[in-house]
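This report concerns only the one structure given below.
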Amino acid sequence: MAEKLKVTLVKSPIGAIPKQKATVEALGLRKLNKTVELPDNDAVRGMIWHVKHLVKVEEV
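Take 2 as the starting number for the sequence shown in our numbering and just add one per residue.
What follows is the structure, encoded as structure tokens:
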């Protein structure tokens, strides 16, 4: 596993279910096409897995 993950919001969560909107917000993604660097751990990977259709992930 990589040390960090770059997560980019590529699709709007407007039509997503509320739990997915909250997950995107908890990842620190508030605007479209914004990127955050997060630690690569099981908790973050689980959150990404739930919103994988809304985000793009790169290992750093």
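Beta carbons are placed, not taken as given, at the ideal position from N, Cα and C, and that holds for glycine.
Every value quoted in this text rests on a predicted model; they were computed, and no experiment measured them.
Per DSSP, the unbroken alpha helix (DSSP H) holding Pro19 starts and ends at 19 to 27. In this structure, DSSP gives Val8 an extended state, which the three-state scheme calls strand.
CA-CA distance, Asp41 to Asn34, rounds to 20 Å. Judged by DSSP in its simplified three-state form, Val37 adopts strand.
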